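Participant: In my numbering, the protein residues as written are 3 to 105. All C-beta atoms, glycine included, are put in the ideal place defined by N, C-alpha and C. Quantities reported herein were computed from a predicted structural model and do not represent experimental measurements. Take this structure first; my questions come after.
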């Protein structure tokens, strides 16, 4: 049996590499690549651009448990249809534009 963190990371990878990309076209989502889902969910879980909250790369390995749990829950919600993924994407892009403007 895997430790909780390993299960969480495995679910993250399944969600962002397989489950969400498989639903993207049918749901009309504006993104389809795994790294886009990772950006959207991590930004939402962090409440801003994840680079400002997670120092190491890859982010999912270095994210605190609470952030990764929240990101996974958001991804699960997107799969279930209870989380508005396009709205999360829009917010993520807004945060990134604002951050770029500050640089």
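Locate the alpha helix (DSSP H) running through residue 43, then write down its first and last residues.
Facilitator: Taken as a continuous stretch (DSSP letters only), the alpha helix (DSSP H) holding residue 43 covers 36-48.
Participant: Just how far apart, CA to CA, sit residue 45 and residue 77?
Facilitator: Straight-line Cα distance between these residues: approximately 12 Å.
Participant: Quick test of the definition: if touching needs 3 or more C-beta pairs under 8 Å, does the stretch 31-51 touch the stretch 78-96?
Facilitator: Yes, the stretch 31-51 is in contact with the stretch 78-96.
Participant: Check residue 23 in the structure and name its three-state DSSP category.
Facilitator: DSSP places residue 23 in helix when its eight states are reduced to three.
Participant: Quick check on the burial criterion: 16 or more other C-beta atoms within 10 angstroms. Buried or exposed for residue 63?
Facilitator: Answer is exposed; the Cβ neighbour count stays below 16.
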